[in-house]
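Colleague: Going left to right, the sequence shown walks through residues 7 to 238 as the numbering used here numbers them.
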Amino acid sequence: MLYRTILWDLDHTLLDSEASERLALAETLQSANVADQPSVATIYRRINGGLWARVETGELSPNEVKTLRFEQLVRECDLDADPLVMANSFAAGMGRFGDLYPGAQQALRSALDNSETMALVTNGVGDIQRARVARLGISSLFDALIISGEIGCSKPGAAIFDATFELLGVDPGGAVMIGDSISSDMRGGFDYGLDTIWFNRRGAAPPTEIAITHTVASLGQLASLLGPRPVN
7 MLYRTILWDL
17 DHTLLDSEAS
27 ERLALAETLQ
37 SANVADQPSV
47 ATIYRRINGG
57 LWARVETGEL
67 SPNEVKTLRF
77 EQLVRECDLD
87 ADPLVMANSF
97 AAGMGRFGDL
107 YPGAQQALRS
117 ALDNSETMAL
127 VTNGVGDIQR
137 ARVARLGISS
147 LFDALIISGE
157 IGCSKPGAAI
167 FDATFELLGV
177 DPGGAVMIGD
187 SISSDMRGGF
197 DYGLDTIWFN
207 RRGAAPPTEI
217 AITHTVASLG
227 QLASLLGPRP
237 VN
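#1: Taking the straight line between their C-alpha atoms, what separation do you get for Q227 and W204?
#2: If we count the other Cβ atoms within 10 Å of its Cβ and call it buried at 16 or more, is N39 buried or exposed?
#3: Report yes if the CB atom of M124 is closer than 9 Å to the CB atom of L147, and no otherwise.
#4: Going along the chain, which residues of its own chain have a beta-carbon closer than 6 Å to the beta-carbon of I218, five neighbours each way excluded?
#5: Between which two residues does the alpha helix (DSSP H) holding G101 run?
#6: Quick check: the Cα distance between Y198 and S37, rounded to an integer number of angstroms?
#7: Which one of L90, R51, D17 and S154 has the shortest CA to CA distance from A32?
#8: Please specify which runs of the beta strand (DSSP E), each continuous and at least 3 residues long, are wholly inside the stretch 101-156, giving them in chain order.
#9: Let me check one thing: in DSSP terms, what residues is G185 bridge-paired to?
#10: Among G109, P178 and T34, which has the Cα closest to the Cα of R269?
#11: Please report the Cβ distance between P68 and F76, rounded to the nearest whole angstrom; I am assuming they are in contact, meaning their Cβ atoms lie under 8 Å.
#12: With L225 as the anchor, note down where its alpha helix (DSSP H) starts and where it stops.
#13: Any idea if S121 is buried or exposed, counting beta-carbon neighbours within 10 angstroms, 16 or more meaning buried?
#14: Using C-beta distances below 6 Å, list every residue in its chain close to A137, excluding the 5 sequence neighbours before and after it, in chain order.
#15: Three Cβ pairs or more, each shorter than 8 Å: is that satisfied between the stretch 173-181 and the stretch 143-161?
#16: Near R81, what residues of its chain come up, given a Cβ to Cβ distance below 7 Å and the 5 sequence neighbours on each side ignored?
#17: For I166, name the three-state secondary structure that DSSP assigns.
#18: By how many angstroms is the C-alpha of Q43 removed from the C-alpha of L126?
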């Protein structure tokens, strides 16, 4: 095997989180009787993106973001709505909506066959992420599910990787981090000394500030990187 331990990101790597967010937000705004939903959705995405950037720096926790983004949205858009009700509606929708990307199941099962341990390491709110993993039927494929909102630390910080390897009971040597985010997955893996595989499905320019071990444009390309080492 090429890697003994494989760490997977969830959002935008295995799960189509854009669809999940879009559908959950539309349902939430509809329930709140928001008139100009496209404009409000655009403002929401700006607010949400800024808050999650602060999660990566350790300024905020995912659990704080869960409600804070709707408090800011209600205030900025002058909505006649309860931000807590909106937050809970959105969280429920995020758990219900969104599918795995094509090839995700095959990639996970191939990786499982060619590694000793696998973990899902995700920045997110515990109830949302657990609902997703259960609905998608992939929980049994992982030895551990590490959710930043449950353990109090987030990628790219070292603490979440410390917690992961401690829970798995394995050494970081021979491990790889697979994810889509340069700022959390690739930065976190690089800083921790892990090999990294960047899921670059949009064909973005590679970063210059960190080294990435491998890059793939589709999950189907992972098999050659995670499969058995060829016999010479």
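For glycine and all other residues, C-beta sits at the position ideal for the given N, C-alpha and C.
Modeller: The structure says:
#1: By 1-based counting over the sequence shown, the position of residue 227 is 221. By 1-based counting over the sequence shown, the position of residue 204 is 198. Looking at the backbone, the Cα of Q227 and that of W204 are separated by about 11 Å.
#2: If you number the sequence shown from 1, residue 39 lands on position 33. So N39 counts as exposed.
#3: The residue given as residue 124 occupies position 118 in the sequence shown. The residue given as residue 147 occupies position 141 in the sequence shown. Yes, the pair counts as a contact, with Cβ atoms nearer than the cut-off.
#4: Walking along the sequence shown from the start, residue 218 turns up at place 212. Apart from the 5 residues on each side of it in sequence, I218 sits with its Cβ closer than 6 Å to the Cβ of M192, T202 and W204 in its chain, given in chain order.
#5: Residue mapping note: residue 101 aligns to position 95 of the sequence shown, counting from 1. DSSP places G101 inside the alpha helix (DSSP H), whose first and last residues are P89 to R102.
#6: As a first step, residue 198 is located in the sequence shown; it is residue number 192 there, counting from the start. As a first step, residue 37 is located in the sequence shown; it is residue number 31 there, counting from the start. Distance from the CA atom of Y198 to the CA atom of S37, rounded to whole angstroms, is 43 Å.
#7: Reading the sequence shown from its first residue, position 26 is the one you call residue 32. Comparing alpha-carbon positions, the option among L90, R51, D17 and S154 lying closest to A32 turns out to be R51.
#8: Correct list: 123-128 and 150-153.
#9: Along the sequence shown, one-based indexing puts residue 185 at 179. G185 pairs with W204.
#10: Summary: the structure shown does not reach residue 269, with the chain confined to residues 7 through 238, and so no result is reported for it.
#11: What you label residue 68 is simply residue 62 of the sequence shown in a count that begins at 1. What you label residue 76 is simply residue 70 of the sequence shown in a count that begins at 1. Contact flag wrong, Cβ pair sits at about 14 Å.
#12: The residue given as residue 225 occupies position 219 in the sequence shown. Note, L225: premise wrong, no alpha helix (DSSP H); not H, not E.
#13: Here residue 121 refers to the residue found at position 115 when the sequence shown is read from its first residue. The C-beta of S121 has 16 or more other C-beta atoms within 10 Å across all chains shown, which makes the residue buried.
#14: To locate residue 137, count along the sequence shown from 1; it is residue 131. Cβ contact annotation for A137 (same chain, cutoff 6 Å, sequence separation greater than five): G101, in chain order.
#15: By the C-beta criterion, the stretch 173-181 is judged to be in contact with the stretch 143-161, since at least 3 inter-stretch pairs fall below 8 Å.
#16: Against the sequence shown, residue 81 aligns to sequence position 75. For R81, where only same-chain residues beyond five positions count, there are no Cβ hits under 7 Å.
#17: Locating residue 166 in the sequence shown gives position 160, counting from the first residue. Reduced to three states, the DSSP call for I166 is helix.
#18: Your numbering for residue 126 matches position 120 in the sequence shown. Your numbering for residue 43 matches position 37 in the sequence shown. Whole-angstrom Cα-Cα distance: 33 Å.
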